[in-house]
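Numbering (the working numbering), first residue to last: 293 to 833. Ideal placement from N, C-alpha and C gives every residue a C-beta, glycine not left out.
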Ligand code: DGJ
């Protein structure tokens, strides 16, 4: 018989061993709002999603070897990966976790976090990711019916069987994550993808017609400030009645899917929008109907409280339009997050400057080669972005920005959450911008080619910079294709650099590489194509 001391020793050793084998408990990722600013907290500290979204069909285990090297090349800290309902539930009620498990294992092996995209009832307005057993039973899993009584290639938000199946499958996914992801590799979940419908303004099925004839639900009336006594959809919203109705229906459905998932495992959840034109929105019908477009954000908030954010897929290439989208989705009741974006890498600085919690360009993996013969390419490279995704050439423009921000992502997230960081990027026709920091103004100028030169703007807008205030007279500065200077706000004072330290952060501590001076700083802090991080002390007299 073993002695008491012997048993105690065995217990001690086995407890120690099992503690060693168990992944460390990490706290749940969650959104925090303080002083009107939002942050995604990961391991109890603000985290910036320096993200990348893969192409639609790149979430399969056999394709992942073409994803991870792209993430390393890009210097992303988080990858957004689809989870396909058709793969996850090949037979009704039978769930296949193999693809999700491959994502978890691969992301961990490459020190990446994941944001999962639940491609289910809606993907770009269609129901193409529904499992085959659902596609083969359209009488049960019904489609939207258009005004002429014809079925549309989109799920009806009133199909109770579809809602039940989606919510059940999604809850199974979240339950699995709860047990398989103590490490919290997964940070957030996008529920569905660009939900809504094209080709009709709303569902005209009998179930939809009944509800369209009923009063606007009280929570929607309140959210949209409907005048009392105007409770019919047409009375309340006029020409917007149909899109608002469909938005309410889709939001209600997705809100219930999200709530079922959250009951199993409450990660932050969001939806993404195919946008309407931000500067000159067209009439209903000119954009996807029912999705979280800017005009119906309040309806989504009211109808789907389980969702933490509604997010824009910002593919605008015009600077003013891009920025307008950011302004429309950064709201007191909504953290700004870009689950899909494209265009100029400098747009990153516009998003950062508006306290975005993350930024994820779309189409980032090595699944394609640029196989369009040079001779066949339009001279100005006006290929649609989708024709170029999945290549090194497509990712490369983002590498400098990600290389700059990657090593300081935690500092950037914290400084932004504390309201100490500002960022901006070049706008056509504007050669200098001024940012205000208490007793100091910082100017960001573009196209200054000599020590005492005047800013002329870059040949095409490409510059950007961030400036964070570390102390009254100390700043952290980084950027590209720009010159940054500091001026005391008091007009009768002169300012000068006390020190300009080039360096990097290691475990939260700034490490000096060298002091810059002379040609490198006499005209200001010059940023070109190479990632450069500066800690700058200034003095005034
Ligand atoms: C927006 C969608 O949300 C993405 O999944 C993808 O389809 C892109 N458009 C374009 O390829």
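Heavy atom of the ligand DGJ within 8 angstroms of residue i beta-carbon
i           : result
residue 418 : no
residue 365 : no
residue 415 : yes
residue 344 : no
residue 632 : yes
residue 348 : yes
residue 331 : no
residue 681 : yes
residue 655 : yes
residue 764 : no
residue 606 : no
residue 566 : yes
residue 718 : no
residue 456 : no
residue 486 : yes
Whole-Å CB distance - residue i paired with residue j, under 8 angstroms assumed
i           : j           : result
residue 264 : residue 465 : The requested residue 264 does not occur in the structure, where the chain is confined to residues 293 to 833.
residue 351 : residue 391 : 7 angstroms
residue 447 : residue 435 : 7 angstroms
residue 807 : residue 759 : With a Cβ gap of about 19 angstroms, residue 807 and residue 759 do not count as contacting.
residue 790 : residue 829 : 4 angstroms
residue 329 : residue 711 : 6 angstroms
residue 406 : residue 478 : 5 angstroms
residue 423 : residue 706 : With 8 angstroms as the limit, residue 423 and residue 706 do not qualify as a contact, their Cβ atoms being about 43 angstroms apart.
residue 545 : residue 449 : 4 angstroms
residue 323 : residue 627 : 6 angstroms
Residue(s) in a DSSP beta bridge with residue i
i           : result
residue 790 : None, per the DSSP bridge assignment.
residue 485 : 415
residue 331 : 324
residue 437 : 443
residue 629 : Partner(s): none; residue 629 has no beta bridge.
residue 735 : 726, 777
residue 713 : 760
residue 407 : 372, 480
residue 806 : 794
residue 832 : 787
residue 653 : 633
residue 769 : 759, 826
residue 645 : Answer is none; residue 645 lacks a bridge partner.
Cβ-heavy atom distance, residue i to the ligand NAD, below 8 angstroms
i           : result
residue 386 : As presented, the structure is devoid of the ligand NAD, carrying the ligand DGJ as its sole ligands.
- Message: Three or more C-beta pairs under 8 angstroms: does that hold for the stretch 600-617 against the stretch 678-691?
- Response: no
- Message: Quick test of the definition: if touching needs 3 or more C-beta pairs under 8 angstroms, does the stretch 580-592 touch the stretch 528-541?
- Response: yes
- Three or more C-beta pairs closer than 8 angstroms, one from the stretch 796-804 and one from the stretch 743-756: is that the case here? no
- Message: Tell me whether the stretch 427-443 and the stretch 366-375 touch, counting them as touching only if at least three CB pairs, one residue from each stretch, are closer than 8 angstroms.
- Response: no
- Query: Between the stretch 561-574 and the stretch 485-495, do three or more beta carbon pairs fall short of 8 angstroms?
  - Reply: yes
- Task: Decide yes or no for the touch test of the stretch 465-483 against the stretch 545-560: beta carbon pairs closer than 8 angstroms, at least 3 of them.
- Result: yes
- Query: If we count Cβ pairs, one from each stretch, closer than 8 angstroms, do we get three or more for the stretch 807-820 versus the stretch 771-791?
  - Reply: yes
- Task: Check whether the stretch 367-386 touches the stretch 641-661, counting contact only when three or more Cβ pairs, one atom from each stretch, lie closer than 8 angstroms.
- Result: yes
- Item | Three CB pairs or more closer than 8 angstroms across the stretch 629-648 and the stretch 593-607 | yes
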